[in-house]
Amino acid sequence: MWRRLSQVLKNSILRHSSSSLSPKTPPNPSVLRPISSATATVGSLHRTAFAAPMSTALLRLDDLQDNKRSRQQKTRKGRGIGSGKGKTAGRGHKGQKARGTYKFGFEGGQTPLRRRMPKRGFKNHFSLTFQPVGLGKIAKLINEGIIDSSELITMKTLKESGAIGKQIKDGVRLMGRGAEEIKWPIHLEVSRVTVRAKEAVEAVGGSVRRVYYNKLGFRALLNPEWFEKKGRLLPKAARPPPKQKDKVDSIGRLPAPTKPIPFFPEEKVVGEAQLST
Numbered sequence: 122m123w124r125r126l127s128q129v130l131k132n133s134i135l136r137h138s139s140s141s142l143s144p145k146t147p148p149n150p151s152v153l154r155p156i157s158s159a160t161a162t163v164g165s166l167h168r169t170a171f172a173a174p175m176s177t178a179l180l181r182l183d184d185l186q187d188n189k190r191s192r193q194q195k196t197r198k199g200r201g202i203g204s205g206k207g208k209t210a211g212r213g214h215k216g217q218k219a220r221g222t223y224k225f226g227f228e229g230g231q232t233p234l235r236r237r238m239p240k241r242g243f244k245n246h247f248s249l250t251f252q253p254v255g256l257g258k259i260a261k262l263i264n265e266g267i268i269d270s271s272e273l274i275t276m277k278t279l280k281e282s283g284a285i286g287k288q289i290k291d292g293v294r295l296m297g298r299g300a301e302e303i304k305w306p307i308h309l310e311v312s313r314v315t316v317r318a319k320e321a322v323e324a325v326g327g328s329v330r331r332v333y334y335n336k337l338g339f340r341a342l343l344n345p346e347w348f349e350k351k352g353r354l355l356p357k358a359a360r361p362p363p364k365q366k367d368k369v370d371s372i373g374r375l376p377a378p379t380k381p382i383p384f385f386p387e388e389k390v391v392g393e394a395q396l397s398t
């Protein structure tokens, strides 16, 4: 439709320019007839009123239509052989393609392209993704009254306060950003902690414990209502696998604890040695 409109406008402009450039022929006095003033007035009004519509006579609202093949009609299959898509509907006779479809990537039995190309890169299926949170952000939430520093700060507390996102994949890592803002003792339970963050928390009399939760344990910690809604009991806390046993301090507790577990002297020595390595 727009192509038709542009073509009509172009033709009208060309006609107008050619008519303005062509020399005007003087009127033939032998053809002139006397016209009354009333007739002249009516004629001038008629020309003035209909000059604009007549110049664009081809642009009528009742004549607007789309360009050819601008709207493709849906092919109705199985409506007779005269349509060209009847009976077998373009699928041919018998075979897998006539009755159904074949597997994506199948190339007739030859080695498909996805197997002919070499593998690239490496994906570690055992890697863990921890959501970071800085001490400065926790201190800001404590100052705003969102987090109570007198209670144990767990990963559930961090999620409900908005310190971390809602999607926690493998745990939370405590970072040392804004460590100078921590001026009172706080007790935390997270999955991982950096050396700077642990030193900053312990310098003011606090503690940080690295706890382990598996996938089901995280769901029970962060969303225990889900188990109650399903009529199920909370699962027992799982033990860490051998490869993570040296990277955690204890097994996570369920439901979410409210009081910290004090560190024994031998635990402190082991924890400091693990952080240094």
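Using my numbering, read the sequence shown as starting at 122 and increasing by one per residue.
Cβ coordinates follow ideal geometry from the N, Cα and C atoms, glycine included.
Please read all numbers here as calculations on a predicted model, not as lab measurements.
**Report entry** Buried or exposed (CB count within 10 angstroms, at least 16 for buried), Glu310
**Finding:** buried
Requested in this report: Confirm, please, whether the CB-CB distance from Gly297 to Leu256 is below 8 angstroms.
Outcome: yes
Query raised in the report: Given Ser270, which residues of its chain have a CB within under 7 angstroms of its CB, disregarding the five upstream and five downstream residues?
Result: Ile263, Trp305 and Ile307
Query raised in the report: Do Arg294 and Phe247 have their C-beta atoms within less than 8 angstroms of each other?
Result: no
Requested in this report: Could you tell me how far apart the beta carbons of Glu302 and Ala260 are, in whole angstroms, since I believe they sit closer than 8 angstroms?
Outcome: 4 angstroms
Query raised in the report: Identify the residues that DSSP records as bridge partners of Ile307: which are they?
Result: According to DSSP, which records beta bridges pairwise, Ile307 is partnered with nothing at all.
Report task. Use the C-beta contact count for Arg330: other C-beta atoms within 10 angstroms, 16 or more gives buried, fewer gives exposed. Result -> buried
Query raised in the report: Are the region 326-340 and the region 350-358 touching by the rule of at least three beta carbon pairs closer than 8 angstroms?
Result: yes
Query - For Phe384 and Ser403, believed in contact at Cβ under 8 angstroms, the rounded distance - result: Because the chain here runs from 122 to 398, residue 403 falls outside it and cannot be looked at.
Query - 8 angstroms Cβ cutoff met for Leu343 and Lys290 - result: no
Query raised in the report: Thinking C-beta only, is Arg317 closer than 8 angstroms to Ala300?
Result: yes
Report task. Could you tell me which residues DSSP pairs with Val293 in its beta bridges? Result -> Gln252
Query raised in the report: From Gly229 to Lys218, what does the alpha carbon distance come to, in whole angstroms?
Result: 12 angstroms
Report task. Under the assumption that Val254 contacts Ile285 (Cβ atoms under 8 angstroms), give the Cβ distance between them as a whole number of angstroms. Result -> 5 angstroms
Query raised in the report: So Lys198 and Lys206 are in contact, right, with Cβ under 8 angstroms, and what is the actual spacing, rounded?
Result: 5 angstroms
**Report entry** Proximity winner among Leu185, Glu281 and Leu375, relative to Ala341 (alpha-carbon distances)
**Finding:** Leu375
Requested in this report: Let me know the secondary structure DSSP gives Val322 once reduced to three states.
Outcome: helix
**Report entry** Exposure label - Ile134; buried when at least 16 CB within 10 Å
**Finding:** exposed
Query - 6 angstroms Cβ shell around Phe402 - same chain, five flanking residues per side excluded - result: This structure leaves residue 402 out entirely; the chain is present only between 122 and 398.
Query - Residue from Glu265, Met238 and Leu249 with nearest C-alpha to Gly292 - result: Leu249
Report task. Can you grab the Cα-Cα spacing for the pair Pro345 / Gln288, in whole Å? Result -> 15 angstroms
Query raised in the report: By a C-beta neighbour count over all protein chains shown, 10 Å radius and 16 as the cutoff for buried, is Ile202 buried or exposed?
Result: exposed
Query - Cross-strand partners of Tyr334 (DSSP beta bridge) - result: DSSP output for Tyr334 lists no bridge partner at all.
Report task. Note down, one range per segment and in chain order, each alpha helix (DSSP H) of at least 4 residues found wholly within the region 220-275. Result -> 234-237 and 256-264
Requested in this report: Alpha carbon to alpha carbon, how far is Arg192 from Arg241? Give it in angstroms, no decimals.
Outcome: 44 angstroms
**Report entry** Pro239 versus Arg212 - alpha carbon distance
**Finding:** 35 angstroms
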